[in-house]
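Heads up, the thing below is written out as structure tokens.
In my numbering, the protein residues as written are 179 to 345.
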């Protein structure tokens, strides 16, 4: 993610597509050293897309006006990031996400004091492997925050999951 962060920072194509780079820093509640996470973000936006792409994006409306084979469509930020990374990988294989990793996304609403109050989708570069199983969950509940795949699920873990950490 650090390389993508650095690339996005000065890339005119990223700017044109509404892709931005940001830094997240925090100190764990349990103490210890300050942590830093580099990520890219994009906000939902309206675009003219082909009818086929609108169907793929699940935003095609039968009543929509089709002009030159295109319709207006709200493209969610995580899809903008995926398309951008795919375009980079098509030009240079170093940008291909390895099979053992994946990009994950989180819908975020900025704090009230933020310069730009619009919600956005932020990226995470994560291992694809499963690190927790159902036996590591002590309590779960469903949240209504939108995600690329539907409602999100929150959970608390058992002591057996204490050694598991995300990378």
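Here a beta-carbon is modelled for each residue, glycine too, at the ideal position from N, C-alpha and C.
Taking the Cβ atom as the reference point for each residue, do residue i and residue j lie within a distance shorter than 8 Å?
i, j, result
"residue 255", "residue 219", "yes"
"residue 248", "residue 226", "yes"
"residue 297", "residue 287", "yes"
"residue 305", "residue 277", "no"
"residue 211", "residue 203", "no"
"residue 224", "residue 261", "no"
"residue 221", "residue 196", "yes"
"residue 274", "residue 267", "yes"
"residue 309", "residue 217", "no"
Quick check on this structure: which residue in the options has the alpha carbon closest to the alpha carbon of residue i?
i, options, result
"residue 232", "213, 257, 221 and 308", "257"
"residue 205", "215, 277 and 234", "215"
"residue 235", "244, 252, 245 and 246", "252"
"residue 192", "293, 299, 306 and 263", "263"
"residue 194", "259, 211, 202 and 290", "259"
"residue 282", "314, 223, 315 and 302", "302"
"residue 246", "237, 239, 238 and 228", "228"
"residue 200", "238, 307, 181 and 207", "181"
I'd like to confirm the pairing. Which residues does DSSP put opposite residue i in its beta bridges?
i, result
"residue 248", "228 and 245"
"residue 298", "286"
"residue 199", "218"
"residue 256", "DSSP lists no partner for residue 256."
"residue 204", "213"
"residue 304", "280"
"residue 309", "Residue 309 is not bridged to any residue."
"residue 223", "253"
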